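*Asks:* In the numbering used here, the protein residues as written are 2 to 221. The structure follows.
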Amino acid sequence: MTRGDFLGFGVLGAIFGAIVTIPPVAFVLSPVIKTDALGQSDVPDDWFEVGPISEIPEGEPKNFVVEFPVNQIYSEEEIINNPEAVKTEGEVIPNAVWVSWKTEILEGGKLGKTQRPAFVGEGGSLSQEQIQEVTASLNVMSSSCAHLGCPVRWLVREGEGLFLCPCHGGLYGINGEYQGGPPPRGLYNYTFEVRENGMIYVKHEFDIEPGLNKQQPYVV
Ligand code: FES
């Protein structure tokens, strides 16, 4: 065999190997590619009701549960070809959503003044100005710890309120800000809006920091 033949067989072998291996690898990794590289989600890009702003107290967060419908995106082809066969139809992922009024943190970690507007709880529909004021005053946060996703709990101790993660001791303030422990950042915030009826709505979408740390919440 000449050197040219040898190289030719080598190139052909590499091409054949790529043809045989790339499609199955792409198939296996497609959920990761779709979610991480293309930013697609299993949850429809809709707004989902959380609850009324009148139920959120001052000085402590309120927990709501939102049930997001889910269709796993790797069954997309199956959905198109045979909608009857969608196994995930009707399934939901319940998310615990913590909502609090933005609160000043005093020295020593004590909770100060909250930004709860005086008109909240008066009833009636909200004007556009009121909606803007409420929107700027709310924290709408995921309960999944930014470390490895355990659900955080609200804990009050000697006038000092904190979200505590029971798994490895991550700590966050009432505004979701990082206070201590292994998490690399504060709690994730949902994309949310407040409507005239005084209700909060969220999308299954989070504030992902730009740059290298594009980590999504682990448990959603
Ligand atoms: S999962 Fe919350 S601190 Fe580790």
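Note that CB positions come from ideal geometry on N, CA and C, so glycine has one too. What you are looking at is a predicted structure, and each value in this text was computed from that prediction instead of being measured.
#1: Measuring only the C-alpha atoms, how far is LEU107 from LEU163?
#2: Straight-line CA distance for GLU206 to ALA97?
#3: Does DSSP put ALA27 in a helix, a strand or coil?
#4: With distance defined between alpha-carbon atoms, name the residue in LYS103, VAL121, TRP155, ILE23 nearest to SER145.
#5: Can you tell which of PRO167, THR115, ASP208 has the C-alpha that lies nearest to the C-alpha of PRO62?
#6: Count the other C-beta atoms from every protein chain shown that fall within 10 angstroms of the C-beta of PRO45, then say buried if there are 16 or more, exposed otherwise.
#7: When the Cα atoms are used, what is the spatial distance from LEU213 to SER126?
#8: Whole beta strand (DSSP E) runs in the stretch 139–220 with 3 or more residues, listed along the chain?
#9: Output needed for LYS111: all residues of its chain with C-beta closer than 7 Å, excluding positions within five of it in sequence on either side, in chain order.
#10: Out of GLU59, PHE28, GLU130, point me to the one whose CA is closest to SER101's CA.
#11: GLY187: beta carbon under 7 Å from a heavy atom of the ligand FES?
#12: In terms of residue numbering, what span does the beta strand (DSSP E) encompassing LEU112 cover?
#13: Taking LYS63 as part of the beta strand (DSSP E), name the residues at either end of that continuous run.
#14: Kindly examine the ligand FES and report whether one of its heavy atoms sits closer than 7 Å to the Cβ of GLY181.
#15: Just to confirm, does PRO184 get its C-beta within under 7 Å of one of the non-hydrogen atoms of the ligand FES?
*Replies:* On the basis of the supplied data:
#1: In the sequence shown, the residue the question calls residue 107 occupies position 106. In the sequence shown, the residue the question calls residue 163 occupies position 162. Whole-angstrom Cα-Cα distance: 13 Å.
#2: Locating residue 206 in the sequence shown gives position 205, counting from the first residue. Locating residue 97 in the sequence shown gives position 96, counting from the first residue. So the two alpha carbons sit approximately 14 Å from each other.
#3: Counting from 1 along the sequence shown, the entry for residue 27 is found at position 26. Secondary structure at ALA27: helix, using DSSP grouped into helix, strand and coil.
#4: If you number the sequence shown from 1, residue 145 lands on position 144. Closest by alpha carbon: TRP155.
#5: The residue you call residue 62 lines up with position 61 of the sequence shown. Of PRO167, THR115, ASP208, the residue nearest in Cα terms is THR115.
#6: Reading the sequence shown from its first residue, position 44 is the one you call residue 45. The residue is exposed, with fewer than 16 neighbouring Cβ atoms inside 10 Å.
#7: Translated into the one-based positions of the sequence shown, residue 213 becomes position 212. Translated into the one-based positions of the sequence shown, residue 126 becomes position 125. Reliability fails at LEU213, whose pLDDT of 49 lies under 50, so the model's placement of it is uncertain and the value that follows must be treated cautiously. If I take the Cα positions, the gap works out to 42 Å.
#8: Here the runs fully enclosed are 139–143, 154–158, 161–165, 179–181, 191–195, 200–207.
#9: By one-based count along the sequence shown, residue 111 stands at place 110. So the list reads GLY160, GLU161, once near-sequence residues are dropped.
#10: Locating residue 101 in the sequence shown gives position 100, counting from the first residue. Closest by alpha carbon: GLU59.
#11: By 1-based counting over the sequence shown, the position of residue 187 is 186. For GLY187, the CB stays at least 7 Å from every heavy atom of the ligand FES.
#12: Locating residue 112 in the sequence shown gives position 111, counting from the first residue. Taken as a continuous stretch (DSSP letters only), the beta strand (DSSP E) holding LEU112 covers 112–115.
#13: Within the sequence shown, numbered from 1, the residue matching residue 63 stands at position 62. Segment 63–70, the beta strand (DSSP E) holding LYS63.
#14: If you number the sequence shown from 1, residue 181 lands on position 180. Judged by the Cβ position, GLY181 fails to qualify as a neighbour of the ligand FES at the 7 Å threshold, every heavy atom of the ligand being at least this far.
#15: Here residue 184 refers to the residue found at position 183 of the sequence shown. Yes - the ligand FES has a heavy atom lying nearer than 7 Å to the Cβ of PRO184.
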